[in-house]
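Shown next, in structure tokens, is the structure this report addresses.
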Amino acid sequence: MRPSRKQHPLRHPSYICRPNDTCGGGLAITGTLCAPMASSSTVFAPAALVLLLLLGSTSAQLSTGFYSSSCPELFSTVKPVVQSAISKEKRLGASVLRLFFHDCFVLGCDGSVLLDDTPTFTGEKTAKPNNNSIRGFEVIDHIKTAVEKACPGVVSCADILAIAARDSVVILGGPNWDVKLGRRDSRKASFSKANKQIPAPTSSLSNLISKFSAKGLSTKDMVALSGKDPSYGHAENTYFRCTIQTTRQILRTQ
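Structure follows, in structure tokens:
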């Protein structure tokens, strides 16, 4: 991938996503960079407020006006694409939010979850907690295409995902917040960390508490984030029914 034509000397992505490229290619920002949330009035509010806790020390490098000069139409370009996707399938809003969460839980919000596997590279998409589970990639691809037409060579995939997650929440009736931007896309991903750090649907309670605690999140935070998807999304009965019903109860209700 070629360098961006409009680089910030310190903060701007060295490389950006393009319509036919694999997302990624810039230097990864370490730490965990999630956009701050501002409201607590809807079903999405608990998850929104908890995501605020995932902000890392590098968040000071981010700015809500990062693209105000280089891509002033960014937000107005992203939202219609998200709106169109959700109007066709409401569940996609929850899927995009979950995609952002899974990205942020491993090495920070660097877009690494968007990277495809190649013969010489293994990304995070096929890690056990993600494989055939996370979705919404096509929404990000459509946004990327639209943004590239409006502002070629400027906006990172990581920032696109952060904006799309916010817009998904707002469109579905959740809280709004100002998205801080300026993330760089990752050149690398961690298959092993995705397997070890992202909570799996089959995890025990103690294991879940331990994984969230490692990110500085409490048990209450864990419940808020774990419940964000069923609010508008879909949870497979296969994964949770045995934790709340005995075998006899399951057979009786089938």
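The opening position of the sequence shown corresponds to residue 1 in my numbering, with each subsequent residue numbered one higher.
Ideal Cβ positions, reconstructed from N, Cα and C, are used throughout, including at glycine.
Note that the structure is predicted; figures quoted are calculated from it, not measured.
For residue i, count the other beta carbons within 10 Å of its own beta carbon; 16 or more makes it buried, fewer makes it exposed. Which is it?
| i | result |
| --- | --- |
| T77 | buried |
| A94 | buried |
| A73 | Looking at the sequence provided, one finds Glu at residue 73 rather than Ala. Looking at its Cβ environment, which holds fewer than 16 other Cβ atoms inside 10 Å, E73 is exposed. |
| P175 | buried |
| E148 | buried |
| E124 | buried |
| A178 | Reading off the sequence, residue 178 comes out as Asp, not Ala. Answer is exposed; the Cβ neighbour count stays below 16. |
| D159 | buried |
| A214 | exposed |
| L205 | exposed |
Pull up the DSSP beta-bridge partners for residue i, would you.
| i | result |
| --- | --- |
| F121 | T118 |
| L263 | Residue 263 lies beyond the residue range present for the chain, which begins at 1 and ends at 254; the question has no answer from this structure. |
When DSSP labels each residue in this structure, what does residue i get in the three-state scheme?
| i | result |
| --- | --- |
| L107 | coil |
| L62 | coil |
| L97 | helix |
| L74 | helix |
| C151 | coil |
| A91 | Looking at the sequence shown, residue 91 is not Ala but Arg. Of the three classes helix, strand and coil, the one that applies to R91 here is helix, per DSSP. |
| L172 | coil |
| R187 | coil |
| K196 | helix |
| Y126 | The question names Tyr, but residue 126 is Thr in the sequence shown. Looking at T126 - three-state DSSP - the assignment turns out to be coil, as it is neither helix nor strand. |
| S112 | helix |
| I134 | coil |
| T145 | helix |
| A214 | coil |
| P80 | helix |
| S204 | coil |
| S226 | helix |
Ordered along the chain, which non-local residues of its own chain (more than five positions away) have a Cβ less than 6 Å from that of residue i?
| i | result |
| --- | --- |
| T219 | I209 |
| F100 | L161 and A165 |
| F66 | L181 and G182 |
| A189 | S112, L115, G123 and E124 |
| C151 | C71 |
Between residue i and the rest of its own chain, which residues show a CB-CB distance below 7 Å, the 5 nearest in sequence each way excluded?
| i | result |
| --- | --- |
| A146 | T77 and V81 |
| K79 | D167 |
| K193 | V106 and L107 |
| S87 | none |
| I171 | V82, Q83, I86 and G93 |
| L97 | A165, S168, V169 and K228 |
Tell me which same chain residues have a C-beta within less than 8 Å of the C-beta of residue i, skipping the five on either side of it?
| i | result |
| --- | --- |
| L92 | A85, I86, R135, G136, V139 and S168 |
| N130 | H102, V113, E124, A194 and I198 |
| F191 | T122, G123, E124, T126 and A127 |
Given the structure, does residue i come close to the ligand NAD, in the sense that its CB is under 6 Å from one of the ligand's heavy atoms?
| i | result |
| --- | --- |
| C71 | In terms of ligand content, the structure shown is empty, and the ligand NAD therefore cannot be addressed. |
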